[in-house]
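4 protein chains.
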Amino acid sequence: MKEVAAFEVGIKLGALFHQFIGAPVSLKNAEILEKAMESCVMLQPYVVSAEVRINREKLKEKLSGFNYCSLDGEMLQARVEVEVEGEKVTGVLEWDEEKRYPLMRLIR
Amino acid sequence: MKEVAAFEVGIKLGALFHQFIGAPVSLKNAEILEKAMESCVMLQPYVVSAEVRINREKLKEKLSGFNYCSLDGEMLQARVEVEVEGEKVTGVLEWDEEKRYPLMRLIR
Amino acid sequence: MKEVAAFEVGIKLGALFHQFIGAPVSLKNAEILEKAMESCVMLQPYVVSAEVRINREKLKEKLSGFNYCSLDGEMLQARVEVEVEGEKVTGVLEWDEEKRYPLMRLIR
Amino acid sequence: MKEVAAFEVGIKLGALFHQFIGAPVSLKNAEILEKAMESCVMLQPYVVSAEVRINREKLKEKLSGFNYCSLDGEMLQARVEVEVEGEKVTGVLEWDEEKRYPLMRLIR
């Protein structure tokens, strides 16, 4: 079951990233976008909690001349917990500066 | 300029549809998703107003056994107005039952 | 490690679904779209094999008056195998008619 | 009609960008991804021609430690021509270095 729970949390993080990357974002709508993303994750099977954050510092660095930018892997952070038949597993998504990659990993 | 305004409103509707189709949606988060989508459109250049609606009747028909579904073209409705150098143009997105297609068109 | 492998295969299926749902598809480009989707999955860490199929019967049923439609969960099928430190795990994505849901599951 | 043609080409560019941004890409699959994106645009109403290019230099700069990256606005280029009742209009998508923005514009 631990394995199934790990599978399920992987689905949620992969889904979150690829559904929302590219969405127009600025300091104005970052919070509502975070809430909407969390609400989407919470609907999916086995999810116990979901926390999605858009890194405001990274966001500011990326703003275009039109004062917004596309949501990307450098600014998106998430933590999702699922429970499958009593087994709880948590996964996180966070930009890895060294690998230059939006790394997803299981945490304990 | 009318032409440029029409081009710009086309961009917004095409972007909206392809960014958010597939997002997990239910009666629980439809409203926050609508607000988030509107906030994304409002950030884009030349947009004066944006109204996004998820058709609740269609949504109910599509709910899976997990009590949510993927946002699709049958339930997504939008109206976006742009203004480019004084020229205002409005475009709408609405499911066309006959063509079975999420039709986007200019309105006057 | 079995757990990590299961997590990784979950990421790939969630990513595939949410990246490509909504893409314009018809009998004309279904094959190139399948190949492109497979090529995207194959780039991701730990993937050993990826098979993506668009169900042609479902596709035909969904064609709009413009002779194409949006790729959706009813027609998308996939099988992805990952290997993490010797542990191999396979996951599949397939429409579940009863649940009306694009179900992802581990197989043995 | 010029206006409608401009609207239609806007739809195609907005759709292309927001459908495919985030897709895994490397030097290995850039060509098949270009072909798949072109095939998707070609299915849409009124499209006469579609050319999609992934800038290989930009792509190389963005590669992660896993030797691929997410397709983004800095590397995606497109040119789409539509014809509506005899009126032809062409739109392009290209990264604007100064505005740090994936600019879409009509060309003559």
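Chains as they are written, first to last, in our numbering: chain D, 1 to 108; chain G, 109 to 216; chain H, 217 to 324; chain B, 325 to 432.
Built from N, CA and C at the ideal position, the CB exists for glycine as well.
Note that the structure is predicted; figures quoted are calculated from it, not measured.
Taking 8 Å as the threshold (beta carbon to beta carbon), is residue i in contact with chain H?
i                 : result
Ile107 of chain D : no
Gly118 of chain G : no
Lys88 of chain D  : no
Thr78 of chain D  : According to the sequence displayed, residue 78 of chain D carries Ala and not Thr. Ala78 of chain D does not count as touching chain H.
Lys2 of chain D   : yes
Ala6 of chain D   : yes
Just to confirm before moving on: does the CB-CB distance between residue i and residue j stay below 8 Å?
i                 : j                 : result
Leu430 of chain B : Glu111 of chain G : yes
Val333 of chain B : Phe115 of chain G : yes
Lys99 of chain D  : Ser350 of chain B : no
Ala339 of chain B : Gly199 of chain G : no
Ala252 of chain H : Ala360 of chain B : yes
Is the shortest distance between the beta-carbon of residue i and the beta-carbons of chain B less than 8 Å?
i                 : result
Asn271 of chain H : no
Met212 of chain G : yes
Ser242 of chain H : yes
Ala144 of chain G : no
Lys99 of chain D  : yes
Nearest to residue i by CA position, among the options, is which residue?
i                 : options                                   : result
Ala113 of chain G : G:Lys196, G:Leu201, G:Arg216 and G:Lys207 : G:Lys196
Lys168 of chain G : G:Tyr209, G:Lys207, G:Ala123 and G:Glu182 : G:Glu182
Met1 of chain D   : D:Asn55, D:Ile54, D:Gly86 and D:Glu38     : D:Gly86
Tyr370 of chain B : H:Lys274, H:Arg272, H:Gln235 and H:Phe282 : H:Phe282
Lys244 of chain H : B:Lys352, B:Val365 and B:Gln343           : B:Val365
Could you tell me whether the Cβ of residue i comes closer than 8 Å to any Cβ of chain G?
i                 : result
Leu13 of chain D  : no
Gln44 of chain D  : yes
Val307 of chain H : The sequence shown places Gly at residue 307 of chain H, not Val. With 8 Å as the cut-off, Gly307 of chain H does not count as an interface residue toward chain G.
Phe282 of chain H : yes
Leu109 of chain D : No answer is possible for residue 109 of chain D: it lies beyond the span of chain D, which begins at 1 and ends at 108.
Is residue i helix, strand or coil when you go by DSSP?
i                 : result
Gly65 of chain G  : No statement about residue 65 of chain G is possible, as the shown extent of chain G runs from 109 to 216 and does not include it.
Leu243 of chain H : coil
Lys88 of chain D  : strand
Arg316 of chain H : coil
Arg432 of chain B : coil
Ile21 of chain D  : coil
Leu171 of chain G : coil
Excluding the 5 residues flanking residue i on each side, which residues of the same chain have their C-beta closer than 8 Å to its C-beta?
i                 : result
Ala131 of chain G : Leu141, Ser178 and Leu179
Val372 of chain B : Glu405, Val406, Glu407 and Lys412
Ile345 of chain B : Ser394, Leu395, Asp396, Gly397 and Leu400
Tyr317 of chain H : Gly289 and Trp311
Near residue i, which residues of its chain fall below 7 Å by C-beta distance, leaving aside the five closest residues on each side in sequence?
i                 : result
Gln368 of chain B : Lys336
Glu418 of chain B : Gln401 and Leu427
So with Cβ pairs under 8 Å, would you call residue i a contact of chain D?
i                 : result
Leu171 of chain G : no
Ala131 of chain G : yes
Val263 of chain H : no
Spatial neighbours of residue i within its chain, please: CB distance less than 6 Å, with the 5 preceding and 5 following residues excluded, ordered by chain position.
i                 : result
Asp204 of chain G : Leu211
Ala246 of chain H : Ile270
Lys278 of chain H : Cys285
Val116 of chain D : As displayed, chain D neither begins before 1 nor continues past 108, which places residue 116 of chain D out of reach and without an answer.
Arg216 of chain G : none
Closer than 7 Å to a non-hydrogen atom of the ligand MG - does that hold for the CB of residue i?
i                 : result
Arg424 of chain B : This structure lacks the ligand MG; in fact it carries no ligand of any kind.
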